[in-house]
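Residue numbers (this note's numbering): 134 to 792.
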RNA sequence: GCGCCCAUAGCUCAGCUGGAUAGAGCAACGGACUUCUAAUCCGUAGGUCGCAGGUUCGAAUCCUGCUGGGCGUGCCA
């Protein structure tokens, strides 16, 4: 049962009658959970604007609404407060009956959607053969959580990992393999060697790019220096405003000069790294044209060159297998994994199709689609004949529509690509997919402590697996320390400790990411990602474990408890608050799906677990002297545990019985 | 230059899309383990919601301008 939905149903006709309007959705949206427990459980704020519209006193309107709406079974108290707030307190009887109903079903009181839609979720989508880093985690865990939630709400979901398995990085690896491969290392561990080759080629390309960029950067610095000198030479005019402006301009110019110098330093550092290493330096000297050559390898692969094709076919399965290991650790699964290469042969058809539809035309040698809303075109074929990711994306949409007749396609990709997706959606809607709804589920960048996109000192991003390992190790330390210090001696076997550390460690990393509003950037820190106290997955897992502990200690027959018709009693405020929270699970999931924000679910679960902690402190379960109260509390514990486990599962996070 | 996004407690972030006295976690300080798990709980302290206007019964939330920052901006993905 969704209480909010039920309240809106009760109010709908009455609001139509009182307002004289047919569409009362905007008024219904003003019914919401109370901000403060003193105001009851829910509040309807529609009397104020309605009073204005009807030229009546808002409190009078509120009274009229309350007189007409039928709430006697649902609310024990209704008040009009302040300027015209309608405060609603849900009836305890009603709560207990709903909680009992929810407890008797596996869906925990959450109804499946009456109009299921077909969703395609495009998430994770890493480039294979590059090690996954912290930047990949957001798309992966947000996408996975949305897929799970939509599925639970009754929709059909196709989770598609649109792997980058056809791009420039393969040209780099092929080039590296042809010139630098260590045969023995390759034989021992193919992917590790391929990944080394990728990094090596990347480094050499960077080296030459840096070499080429030094002169331009020096010029830039000289230019900035002269700007600063010019601003410094200006005498104060005496006019306060003018002088302030002047000082600001000078400050800015100095900042820019500093930045330019830093850029030069970073170029020199890259050059220095290579030149200080004799082997690297020789390799660099032997391959001055490496950037162009690597691109050429990619082009040859795409054109069907036998050698490159063969190498690609040898590398790809191994890379995919390797990446699968990370997904297994994260419990992330996909229904399909059609990489970019899958669409390769459809690309010429995309361009010709766009031409025939009068959408694409030649410009500066490239095939472009010009859109009114954008300054720059969407390029679908380069002047050298190669296709781009926009082309692949259009082919992908085409395929998805034919294969699954999708109602909605969600792209979980970081916000820097928002313009690309705007263009893509505009072209697809105008061309081959007029009906489908497409959404860019964008998310912010992972930043370091100084607010810049996260990189290590060497310029590489932090490896994802290393991060997961550290989190699990940290969790293991905490598990062991806690277990060792138990008053009656330790309870957990080594194997159990490892298992708990695994679930808790991975949960912490995922939760740290999912609990942020996805649209904002967030600052990455090891300590924060691995925190096991406060608003973390650990807190929920701990609550769950406490529930299981009660059942163990009390030797509770769970099936019997769930089937018994003993009533839920809400004599204590903490019991009532907990029961209310359990009933609001459905609302939380609706909020997740409304804007595709899993942090609505983490917020809810944290609230629920807090209510449980408070209940746990104040309401003894096994020790309650009244058998009816004991049964009631056991039921509340059971439901809390089930909702927590279920909610965490929708976030892709597990639970353990002991910790 | 143009476009998009952001600015909330010392730090990291929520804030249900306009509601009542702006909330958490961390850090700090003070309490609670012979008690169903202290990975916990209770309490104290901490805010001019970047600045200035506007819209209205009511603004952290909507609009305009400004400041500061991030990102994108024709052949990378």
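Glycine included, each C-beta is placed from N, C-alpha and C at the ideal position.
Under the rule that 16 or more other beta-carbon atoms within 10 Å means buried, what is residue i, buried or exposed?
i, result
"residue 639", "buried"
"residue 507", "exposed"
"residue 503", "exposed"
"residue 482", "exposed"
"residue 295", "buried"
"residue 768", "buried"
"residue 771", "buried"
"residue 651", "buried"
"residue 765", "buried"
"residue 853", "In the structure displayed, the chain extends from 134 to 792; residue 853 sits before or after that span and is not available."
"residue 330", "buried"
"residue 500", "buried"
"residue 320", "exposed"
"residue 200", "exposed"
"residue 567", "exposed"
"residue 231", "buried"
"residue 624", "exposed"
DSSP on residue i, reduced to helix/strand/coil?
i, result
"residue 146", "helix"
"residue 640", "helix"
"residue 352", "helix"
"residue 466", "coil"
"residue 776", "helix"
"residue 493", "strand"
"residue 632", "helix"
"residue 303", "helix"
"residue 452", "helix"
"residue 176", "strand"
"residue 541", "strand"
"residue 501", "strand"
"residue 191", "helix"
"residue 294", "coil"
"residue 756", "coil"
"residue 459", "helix"
"residue 166", "strand"
"residue 591", "Note that residue 591 scores 49 on pLDDT, short of 50, meaning its location in the model is unreliable; the coordinates nonetheless yield the value given after this. The answer is coil: DSSP assigns residue 591 none of H, G, I, E or B."
"residue 218", "strand"
"residue 547", "strand"
"residue 555", "helix"
"residue 399", "helix"
Based on DSSP bridge pairs, tell me the residues matched to residue i.
i, result
"residue 656", "580"
"residue 289", "251"
"residue 596", "266"
"residue 208", "223"
"residue 475", "Residue 475 is not bridged to any residue."
"residue 763", "DSSP lists no partner for residue 763."
"residue 520", "514"
"residue 570", "541"
By how many angstroms is the C-alpha of residue j removed from the C-alpha of residue i?
i, j, result
"residue 291", "residue 471", "12 Å"
"residue 442", "residue 352", "43 Å"
"residue 460", "residue 336", "28 Å"
"residue 171", "residue 705", "16 Å"
"residue 485", "residue 158", "45 Å"
"residue 429", "residue 334", "14 Å"
"residue 752", "residue 283", "36 Å"
"residue 574", "residue 552", "13 Å"
"residue 423", "residue 395", "26 Å"
"residue 590", "residue 733", "Because the pLDDT at residue 590 is just 46, under 50, the model does not fix this residue reliably, and the value given afterwards should be weighed accordingly. Going from the Cα of residue 590 to the Cα of residue 733 covers about 35 Å."
"residue 152", "residue 197", "11 Å"
"residue 779", "residue 749", "20 Å"
"residue 773", "residue 239", "13 Å"
"residue 615", "residue 604", "17 Å"
**Prompt:** Are the segment 139-150 and the segment 242-257 touching by the rule of at least three beta carbon pairs closer than 8 Å?
**Reply:** no
**Asked** On the three-pair Cβ rule with 8 Å, is the segment 354-369 touching the segment 449-460?
**Response** no
**Asked** Quick one: any contact between the segment 288-306 and the segment 260-267, if contact means 3 or more CB pairs under 8 Å?
**Response** yes
**Prompt:** Using 8 Å as the Cβ pair cut-off and three pairs as the minimum, do the segment 734-747 and the segment 710-718 touch?
**Reply:** yes
**Asked** Is there contact between the segment 621-637 and the segment 656-663, where contact requires at least three CB pairs shorter than 8 Å?
**Response** no
**Asked** Is the segment 668-681 touching the segment 643-655, taking contact as three or more C-beta pairs under 8 Å?
**Response** yes
**the segment 337-344 touching the segment 407-422, judged by at least three CB pairs closer than 8 Å** = yes
**Segment contact, 8 Å Cβ cut-off, at least three pairs: the segment 522-532 with the segment 488-495** = no
**Prompt:** Would the segment 783-792 and the segment 673-693 be scored as touching if the rule is three or more Cβ pairs under 8 Å?
**Reply:** yes
**Asked** Can you find at least 3 beta carbon pairs, one from the segment 207-225 and one from the segment 172-187, that sit closer than 8 Å?
**Response** yes
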